[in-house]
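K.L.:
These protein sequence lines map, in sequence, to chains A and B.
In this text, residue positions in the first sequence follow the working numbering: the first is 50, and each later residue adds one.
In this text, residue positions in the second sequence follow the working numbering: the first is 50, and each later residue adds one.
Glycine included, every Cβ here is placed at the ideal spot set by N, Cα and C.
There are 2 protein chains.
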Amino acid sequence: MIRIYLAGPEVFLPDAAGIGAAKKELCRRHGLEGLFPLDNDLGDAGPGPFDLAARIFDLNRALIRSADVLIANMTPFRGPSMDVGTAFEVGFADALGRPVYGYANVEAPFLERVAGALPDGARRDESGRHRDAHGMEIEDFGLFENLMIGVPVCRHGPRVFSGSVPHAALYTDLAAFEACLRHVAERFGAGREQT
Amino acid sequence: MIRIYLAGPEVFLPDAAGIGAAKKELCRRHGLEGLFPLDNDLGDAGPGPFDLAARIFDLNRALIRSADVLIANMTPFRGPSMDVGTAFEVGFADALGRPVYGYANVEAPFLERVAGALPDGARRDESGRHRDAHGMEIEDFGLFENLMIGVPVCRHGPRVFSGSVPHAALYTDLAAFEACLRHVAERFGAGREQT
């Protein structure tokens with residue numbers, strides 16, 4: 050069975066285990082096996098906070114290595130961009146040659162999200178490029194995210210699977226995730242949807 | 050000569066080429082070779098914006114593969130966390146077994162930065178964990194960044210090399226970068242500092 054590493058910031062939710070179980074159940078219904086970071090048995094990590102962090106890091110890497118595919122939750126997290134831990138994992142999986150797919154619970158593209166998050170909005174320089182208050186260019190490739198993530202997820206999938214959800218459900222709604230999952234299941238011939 | 054991939058959001062600066070040249074010159078003085086993403090010759094990328102983005106993506110990955118070490122600029126970028134493109138590159142290099150090092154032009158640790166960026170600050174739940182308005186936990190491992198990046202940069206280096214700089218120099222000051230570079234040069238026996 051195709052193994053899907055479920056990357057995303059939902060590990061930080063109060064009911065992270067519940068959302069992980071729900072995502073894994075959706076994987077099962079689509080003939081796929083979901084792997085959720087919190088499935089790892091931390092065992093005896095060691096005495097200090099760094100030991101625990103390092104153990105989580107090592108186990109997440111091992112879980113990605115054991116997966117065939119990675120699906121990233123690219124919903125903006127504490128700013129206009131996605132969670133940086135998830136971005137690390139997308140890069141890690143990509144280097145291993147694992148196909149990466151993405152979904153998000155917002156629809157606004159990157160340029161619009163970044164401009165909207167700037168206190169004074171974006172300005173255009175003399176060449177028409179959008180820039181922030183530090184003069185830093187805001188990418189405008191029509192991608193959903195920084196090109197280092199926007200490119201691979203649009204090469205493997207047709208697009209970032211996205212949809213708008215109520216603010217309270219920003220990190221719990223699974224409709225866009227399931228749309229992505231359906232594509233992955235079809236792509237890998239994982240069989241018909243089950244109940 | 051040890052080849053260092055210089056990852057960071059400074060590629061978005063108006064004078065990105067200038068900061069790249071300055072970083073590479075510092076590498077040279079420390080007996081190292083710096084590789085800057087903008088060094089890539091984009092050639093004839095193709096007609097559309099996606100083609101150009103994909104060409105930049107492919108060339109950046111090839112440049113990381115050709116490097117021995119990655120140094121990441123972890124200065125917070127448009128939010129409390131680092132640039133997600135840089136986070137992707139840290140994950141990519143880590144999967145290839147390349148040592149990764151980090152520096153930042155702010156000193157505040159992760160928890161303090163995230164809490165400071167929240168409109169209503171962080172709250173503590175009944176178990177003492179810090180949470181944001183979505184109830185999402187704010188990591189408190191004493192690391193500089195999300196553990197997927199905070200752990201590897203503190204395993205290879207002694208720490209994230211950080212220092213405070215004036216706001217206007219947030220993405221251009223190179224003192225913390227040079228401290229990191231000095232450590233890497235010593236670690237890899239790159240020879241004495243040159244002028």
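#1: Does A:V200 get closer than 7 Å to chain B when you measure Cβ to Cβ?
#2: Mind checking whether A:G151 and A:A116 have CB atoms under 7 Å apart?
#3: Could you say which of A:H232, A:R127, A:A65 and A:R208 lies nearest to B:D181 if we only look at CA atoms?
#4: Does the beta-carbon of A:H232 have 16 or more other beta-carbons within 10 angstroms, so that it is buried, or is it exposed?
#5: Where do the N-terminal and C-terminal ends of the alpha helix (DSSP H) with A:G206 fall, by residue?
#6: By the 10 Å Cβ neighbour count, where 16 or more other Cβ atoms means buried, how is B:L91 classified, buried or exposed?
#7: Residues in its own chain within less than 7 Å of B:E227 by CB, not counting five upstream and five downstream?
#8: Inspect the beta-carbon positions of A:L55 and A:G80 and report whether they are closer than 7 Å.
#9: Mind checking B:S211: buried by the 16 CB within 10 Å criterion, or exposed?
#10: Hey, B:I51 and B:V118 are a contact pair by Cβ (cut 8 Å); roughly how many whole angstroms apart?
#11: Assuming the contact rule is C-beta atoms closer than 8 Å, A:I68 and A:E59 should be a hit. Round their C-beta distance to whole Å, please.
#12: Can you round the beta-carbon distance between B:L219 and B:N154 to whole angstroms, since I take them to be within the 8 Å contact cut?
#13: By the DSSP assignment, the alpha helix (DSSP H) with A:I68 in it spans what residues?
#14: Does the CB of A:G128 have a neighbour CB from chain B at under 7 Å?
#15: Please tell me whether A:H183 has its Cβ less than 7 Å away from any Cβ of chain B.
#16: Take the Cβ of A:H132 as the centre, count every other Cβ of all protein chains shown within 10 Å, and call the residue buried at 16 or more, exposed below.
#17: Using beta carbons (cut-off 7 Å, strictly below), is B:N122 in contact with chain A?
#18: When you compare each of A:D174, A:H183, A:P158 and A:S176 to A:F193 by their alpha carbons, which one comes out closest?
#19: Would DSSP call A:E82 helix, strand or coil?
#20: Could you check whether the Cβ of A:E186 sits closer than 7 Å to any Cβ belonging to chain B?
#21: Note down, in chain order, every chain B residue with its Cβ under 7 Å from the Cβ of A:L219.
#22: Could you have a look at B:R172 and say whether DSSP puts it in helix, strand or coil?
#23: Who does B:I120 pair with in a DSSP beta bridge?
#24: Using 7 Å as the threshold, is the C-beta distance between B:G140 and A:F141 below it?
#25: In the DSSP assignment, what residue or residues form a beta bridge with A:E186?
#26: State buried or exposed for A:P215, treating a residue as buried only when at least 16 other CB atoms are found within 10 Å of its CB.
#27: Output the distance between the C-alpha atoms of A:L145 and B:A144, rounded to the nearest integer angstrom.
#28: Of all the CB atoms in chain B, is at least one closer than 7 Å to the CB of A:V139?
#29: Report the CB separation of A:G191 from B:P98 in whole angstroms; it is logged as a contact under 8 Å.
#30: In chain order, what residues of the same chain have a beta carbon less than 8 Å from the beta carbon of A:P207, not counting five sequence neighbours either side?
#31: Evaluate A:P168 with the Cβ neighbour count: other Cβ atoms within 10 Å of its Cβ, from every protein chain shown; 16 or more gives buried, anything less gives exposed.
#32: Please state if the CB of B:L87 and the CB of B:A94 are separated by a distance shorter than 7 Å.
#33: Which of helix, strand or coil does DSSP assign to B:T221?
#34: If you draw a straight line from the alpha carbon of B:T222 to that of B:V209, how long is it in whole angstroms?
P.N.:
Let's see:
#1: To locate residue 200 of chain A, count along the first sequence from 1; it is residue 151. Yes, contact with chain B.
#2: As a first step, residue 151 of chain A must be located in the first sequence, where it is residue number 102. As a first step, residue 116 of chain A must be located in the first sequence, where it is residue number 67. It is not a contact, given that the beta carbons lie outside the stated cut-off.
#3: In the second sequence, residue 181 of chain B corresponds to position 132, counting from 1. Comparing Cα positions, the closest option is A:R127.
#4: Numbered from its first residue, the first sequence carries residue 232 of chain A at position 183. So A:H232 counts as buried.
#5: Position 157 of the first sequence, counted from the start, is the residue given in the question as residue 206 of chain A. Run containing A:G206: none; DSSP gives neither H nor E here.
#6: Here residue 91 of chain B refers to the residue found at position 42 of the second sequence. B:L91 is exposed by the Cβ-count criterion.
#7: Numbered from its first residue, the second sequence carries residue 227 of chain B at position 178. Excluding residues within five positions, the ones whose Cβ falls inside 7 Å are L75.
#8: Within the first sequence, residue 55 of chain A is the residue found at index 6, counting from 1. Within the first sequence, residue 80 of chain A is the residue found at index 31, counting from 1. No, the pair does not count as a contact, with Cβ atoms beyond the cut-off.
#9: Here residue 211 of chain B refers to the residue found at position 162 when the second sequence is read from its first residue. It is buried - the Cβ of B:S211 has at least 16 other Cβ atoms within 10 Å.
#10: Here residue 51 of chain B refers to the residue found at position 2 when the second sequence is read from its first residue. Here residue 118 of chain B refers to the residue found at position 69 when the second sequence is read from its first residue. 6 Å between Cβ atoms; contact.
#11: Position 19 of the first sequence holds residue 68 of chain A. Position 10 of the first sequence holds residue 59 of chain A. Contact holds; Cβ gap of about 5 Å.
#12: In the second sequence, residue 219 of chain B corresponds to position 170, counting from 1. In the second sequence, residue 154 of chain B corresponds to position 105, counting from 1. Right, the Cβ-Cβ distance comes to about 5 Å (below 8 Å), so this counts as a contact.
#13: Counted from its first residue, the first sequence places residue 68 of chain A at position 19. Segment A65 to R78, the alpha helix (DSSP H) holding A:I68.
#14: Translated into the one-based positions of the first sequence, residue 128 of chain A becomes position 79. True, the Cβ-Cβ gap to chain B drops below 7 Å.
#15: As a first step, residue 183 of chain A must be located in the first sequence, where it is residue number 134. Output row for A:H183: interface = yes.
#16: Translated into positions along the first sequence, residue 132 of chain A becomes position 83. Just to set this straight, residue 132 of chain A is Asp in the shown sequence, not His. Buried: at least 16 other Cβ atoms inside 10 Å.
#17: Against the second sequence, residue 122 of chain B aligns to sequence position 73. Chain A contact via Cβ: absent.
#18: Along the first sequence, one-based indexing puts residue 193 of chain A at 144. Per the Cα distances, A:P158.
#19: Locating residue 82 of chain A in the first sequence gives position 33, counting from the first residue. The answer is strand: DSSP assigns A:E82 an E or B state.
#20: As a first step, residue 186 of chain A is located in the first sequence; it is residue number 137 there, counting from the start. Answer yes: the Cβ-Cβ gap between A:E186 and chain B drops below 7 Å somewhere.
#21: Translated into positions along the first sequence, residue 219 of chain A becomes position 170. In chain order: H183.
#22: Here residue 172 of chain B refers to the residue found at position 123 of the second sequence. The answer is strand: DSSP assigns B:R172 an E or B state.
#23: As a first step, residue 120 of chain B must be located in the second sequence, where it is residue number 71. Answer is B:L55 and B:Y150, bridged to B:I120.
#24: On the second sequence, residue 140 of chain B is found 91 positions in, with the first residue counted as 1. On the first sequence, residue 141 of chain A is found 92 positions in, with the first residue counted as 1. Cβ atoms of B:G140 and A:F141: closer than 7 Å.
#25: Mapped onto the first sequence, residue 186 of chain A falls at position 137. DSSP, once it has assigned bridges, lists A:R180 as partnering A:E186.
#26: For the purposes of this step, residue 215 of chain A is taken as residue 166 along the first sequence, with counting starting at 1. A:P215 should be labelled exposed.
#27: Position 96 of the first sequence, counted from the first residue, corresponds to residue 145 of chain A. Position 95 of the second sequence, counted from the first residue, corresponds to residue 144 of chain B. If I take the Cα positions, the gap works out to 7 Å.
#28: Position 90 of the first sequence, counting from 1, holds the residue named residue 139 of chain A. By this cut-off, A:V139 is an interface position.
#29: Counted from its first residue, the first sequence places residue 191 of chain A at position 142. Counted from its first residue, the second sequence places residue 98 of chain B at position 49. Confirmed, about 5 Å.
#30: In the first sequence, the residue the question calls residue 207 of chain A occupies position 158. Here the set comprises H232.
#31: Here residue 168 of chain A is taken as the residue at index 119 of the first sequence, counted from 1. Looking at its Cβ environment, which holds fewer than 16 other Cβ atoms inside 10 Å, A:P168 is exposed.
#32: Within the second sequence, the letter at position 45 stands for residue 94 of chain B. Within the second sequence, the letter at position 38 stands for residue 87 of chain B. Contact: no.
#33: Start at 1 with the first residue of the second sequence, and residue 221 of chain B comes out as number 172. In this structure, B:T221 counts as coil in the three-state DSSP scheme.
#34: Counting from one through the second sequence, the residue named residue 222 of chain B turns up at place 173. Counting from one through the second sequence, the residue named residue 209 of chain B turns up at place 160. This sequence places Asp at residue 222 of chain B; Thr is not what is there. Cα to Cα, B:D222 sits roughly 16 Å from B:V209.
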